[in-house]
Amino acid sequence: MIEDKRWEKVYSFEDSPFIMEILTQLRDKNTDSIAFRKGLVKLGRYMAYEITKTMETETVKIETPLEETEGIIVKDRRNVVIVTVLRAAIPLMEGLIKVFEHARVGIVSAVRGKAPKFEIEMDYVKVPQIKPEDTVIVADPMIATGSTLTKVLEEVKKYGEPKRTIIVGVLAAPEGITKIKSKFPDVEIFVAKIDRELDDKGYILPGLGDAGDRAFGEPLKLTTLPQVHYIE
Ligand SMILES: O=P(O)(O)OC[C@H]1O[C@H](OP(=O)(O)OP(=O)(O)O)[C@H](O)[C@@H]1O
Ligand SMILES: O=c1cc[nH]c(=O)[nH]1
Ligand SMILES: [Mg+2]
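As numbered in the working numbering, residues 873 to 1104 make up the sequence shown, in order.
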């Protein structure tokens, strides 16, 4: 894991060839949704494994069948709340929870509106109570403008004050990280890679496209207006 010098407590996994190989597969436009979802699950699992290296441990005494010895437990692994941002974080969360198997899970929906405002609609929020010993992990594969995660963090704050708040994503644009960090300087951000920039529609470049659509298919947009009033 590499700390990025541009901000504090922002890390990428560019030093991990295995994580970079999974990212390469996710970026490839020829990767289908089955492989895309599997890739997100794998990234969740391996990034979680890396994050345990930053967690508090405790020495314990145990007995092997032969003699007494010392071992460790990763104490913080037992006190995790994973907040899953619909839709694209579902497979990422599936990977994270393989390492943080005790985690309580919150689900929030967030839909990003169009440029230039990128307004966020958040109609579904179910988050457990957050305790002082907890590590909150907010999972969202894409940090683009940072509007979604800023709104999610504002909401999650209402559920309690944790020991640490961590964002786990796949790709981030520098603009998004700067926005989140300006409002939440203590939040730690772990992503596979920090990409170059955003395009004018708010997509990360080079990116991997629309993570939700690539994982689950493009949603059909149905109008609620009667057909006669519907003008394209
Ligand atoms: O940093 P931002 O500019 O806010 O953009 C990032 C958000 O965009 C995507 O979600 P999207 O709104 O496409 O929903 P989806 O997962 O259902 O496709 C992605 O999963 C993030 O939540
Ligand atoms: O590049 C992007 C930006 C926002 N959301 C995505 O899924 N991809
Ligand atoms: Mg999407």
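Glycine residues also receive a C-beta, built at the ideal position from the N, C-alpha and C atoms.
Where the beta strand (DSSP E) containing residue i begins and where it ends
| i | result |
| --- | --- |
| residue 1009 | 1007-1011 |
| residue 914 | Unbroken run through residue 914 is the alpha helix (DSSP H), 905-923; no beta strand (DSSP E). |
| residue 926 | Per DSSP, residue 926 belongs to no beta strand (DSSP E) and is neither H nor E. |
| residue 1065 | 1060-1066 |
| residue 1036 | 1036-1044 |
| residue 979 | 976-981 |
| residue 968 | Taken as a continuous stretch (DSSP letters only), residue 968 belongs to no beta strand (DSSP E), being part of the alpha helix (DSSP H) at 961-971. |
| residue 1118 | Because the chain here runs from 873 to 1104, residue 1118 falls outside it and cannot be looked at. |
Check whether residue i and residue j have beta carbons under 9 Å apart
| i | j | result |
| --- | --- | --- |
| residue 983 | residue 992 | yes |
| residue 1013 | residue 975 | no |
| residue 968 | residue 1016 | no |
| residue 996 | residue 1019 | no |
| residue 1011 | residue 926 | no |
| residue 914 | residue 894 | yes |
| residue 884 | residue 1088 | no |
| residue 873 | residue 922 | yes |
| residue 1022 | residue 1056 | yes |
| residue 945 | residue 935 | no |
| residue 881 | residue 1059 | yes |
| residue 953 | residue 978 | yes |
Heavy atom of ligand 4 within 8 Å of residue i beta-carbon
| i | result |
| --- | --- |
| residue 1013 | No copy of ligand 4 appears in this structure; the ligands present are ligand 1, ligand 2 and ligand 3. |
Range covered by the alpha helix (DSSP H) that runs through residue i
| i | result |
| --- | --- |
| residue 936 | Element bounds for residue 936: n/a, residue is neither H nor E. |
| residue 1028 | 1019-1028 |
In chain order, what residues place their C-beta within less than 6 Å of a heavy atom belonging to ligand 3? 1082, 1084, 1085
Check whether the segment 1067-1086 touches the segment 1039-1049, taking contact to mean three or more Cβ pairs, one atom from each stretch, closer than 8 Å. yes
Three-pair Cβ contact test at 8 Å for the segment 1048-1068 versus the segment 875-890: yes
Are the segment 949-965 and the segment 908-920 in contact at 8 Å, needing three or more beta carbon pairs? Result yes; three or more Cβ-Cβ pairs closer than 8 Å.
Given 8 Å as the limit, is there contact between the segment 1033-1042 and the segment 1003-1010, that is, 3 or more CB pairs closer than that? yes
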